[in-house]
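S.K.: Shown below is the structure under consideration.
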């Protein structure tokens, strides 16, 4: 990996990274039979999880953390993967900023003039959300609490074709970020309608329940709901239009047994290019990753 920083130590600036991916399909310590086959050909879609720890020189104290996905918690979670299309290797040497079109820019190339903006807390949520919170936003942007109840470990979210926000309610029943609760699954997909358009949720509707440890969801243009649970990929339908998805179809099973580590990814995700990603961790074969 090559990098360049256009500022001085302790000052703001832009960091440019350029990396090359090389497959090592036959170098697994257990032997070639335990290796993962990589498709690193031009035009292939891969998922990357990239995190940075920023610490002052000479200090072991972490000063900042950021990743491509915008999340602070990595935990081998496939939901934090960002999809990339592999480009041809640039034969030119020199300035990394001259990489070919398609390079993913980690840092905005313009000054967004971010300013601290007070977080607006509607009256019904006061006491549930701390007062005095601010967010750094560009000019004319504002931030307002939309929902603050009925959510237990909310993860990824998506809007239905009708414009209703749906959220993966992952930790219902006492699950943690590292493992699901004991017994039957209680994770949900909840709908947060705002029919009067006042920017505050009207009520929380359980659209899907009985999931084990669901992490992500996405709608297609016809209104079908795809859900990535920790052990299976599901499609749901709502034929009567009441907001509760009664039709359930199993699309794929994801390995989940005693042979798998408890650090198995809590689900997969659908990328912006409509590829699905998941990964898992097996004690004998190392980490496995698949895209379909």
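Numbering (this note's numbering), first residue to last: 220 to 511.
For glycine and all other residues, C-beta sits at the position ideal for the given N, C-alpha and C.
Remember, predicted model here, so these are calculated numbers, not experimental data.
Which residue's Cα is closest to the Cα of residue 367: 376, 427, 411, 438?
M.R.: The shortest C-alpha separation from residue 367 is found at 411.
S.K.: Would you kindly work out how many angstroms separate the C-alpha atoms of residue 337 and residue 388, rounded to a whole number?
M.R.: 27 Å
S.K.: Whether or not the region 343 to 358 and the region 427 to 443 are in contact is what I'm after, with contact meaning three or more pairs of Cβ atoms, one per stretch, closer than 8 Å; do they touch?
M.R.: no
S.K.: Under the assumption that residue 409 contacts residue 423 (Cβ atoms under 8 Å), give the Cβ distance between them as a whole number of angstroms.
M.R.: 5 Å
S.K.: Could you compute how far the alpha carbon of residue 444 sits from the alpha carbon of residue 454?
M.R.: 6 Å
S.K.: Rounded to a whole number of angstroms, what is the C-alpha to C-alpha distance between residue 399 and residue 373?
M.R.: Cα-Cα distance, rounded: 14 Å.
S.K.: Where does residue 410 fall in DSSP's three states?
M.R.: strand
S.K.: Looking at the structure shown, is residue 472 part of a helix, part of a strand, or coil, going by DSSP?
M.R.: strand
S.K.: Give me the Cα-Cα distance between residue 186 and residue 394, rounded to the nearest whole angstrom.
M.R.: Since the first residue of the chain shown is 220 and the last is 511, residue 186 is not available in this structure.
S.K.: Decide if residue 359 is buried, meaning its Cβ has at least 16 other Cβ atoms within 10 Å, or exposed.
M.R.: Looking at its Cβ environment, which holds fewer than 16 other Cβ atoms inside 10 Å, residue 359 is exposed.
S.K.: So what's residue 438 in DSSP terms, helix, strand or just coil?
M.R.: strand
S.K.: Per DSSP, which residues does residue 363 bridge with? Please list them.
M.R.: DSSP lists 339 as partners of residue 363.
S.K.: Using the C-alpha atoms, what's the distance from residue 361 back to residue 230?
M.R.: Taking the straight line joining both Cα atoms gives about 27 Å.
S.K.: So residue 353 and residue 341 are in contact, right, with Cβ under 8 Å, and what is the actual spacing, rounded?
M.R.: Wrong, their Cβ atoms sit about 17 Å apart, outside the cutoff.
S.K.: The beta strand (DSSP E) that contains residue 373, what's its start and end?
M.R.: 373 to 378
S.K.: Measuring alpha carbon to alpha carbon, tell me which of 379, 385, 421, 357 ends up nearest residue 434.
M.R.: Looking at the Cα atoms, 385 is the closest of the given residues.
S.K.: Going by the beta-carbon positions, is the gap between residue 355 and residue 370 smaller than 7 Å?
M.R.: Annotated as distal: residue 355 and residue 370, with beta-carbon spacing of 7 Å or more.
S.K.: With distances taken Cα to Cα, identify the nearest neighbour of residue 539 among 234, 364, 264, 376.
M.R.: This structure cannot settle anything about residue 539, because the visible part of the chain is limited to 220 through 511.
S.K.: Does the beta-carbon of residue 447 have 16 or more other beta-carbons within 10 angstroms, so that it is buried, or is it exposed?
M.R.: buried
S.K.: Since residue 385 sits in a beta bridge, which residues does DSSP pair it with?
M.R.: Under DSSP, residue 385 forms a beta bridge with 377, 410.
S.K.: Could you tell me if residue 234 is buried or exposed, where buried requires 16 or more neighbouring beta carbons within 10 angstroms of its beta carbon?
M.R.: exposed
S.K.: In terms of alpha-carbon separation, which member of 351, 440, 425 lies closest to residue 381?
M.R.: 440
S.K.: Note down, in chain order, each residue of its chain lying with its Cβ closer than 7 Å to the Cβ of residue 377, except the 5 sequence neighbours on either side.
M.R.: 385, 436, 437, 438
S.K.: Out of 442, 463, 467, state which residue places its alpha-carbon closest to the alpha-carbon of residue 452.
M.R.: 467
S.K.: Starting from residue 424, follow the beta strand (DSSP E) in both directions and report where the run begins and ends.
M.R.: 424 to 430
S.K.: For residue 464, which residues in the same chain have their Cβ closer than 7 Å to its Cβ, ignoring the five residues on either side in sequence?
M.R.: 426, 427, 444, 455, 456, 457
S.K.: Closest by CA to residue 302, which one among 331, 357, 350, 263?
M.R.: 263
S.K.: Thinking C-alpha only, which one of 228, 266, 383, 265 is nearest residue 461?
M.R.: Of the candidates 228, 266, 383, 265, 383 places its Cα closest to the Cα of residue 461.
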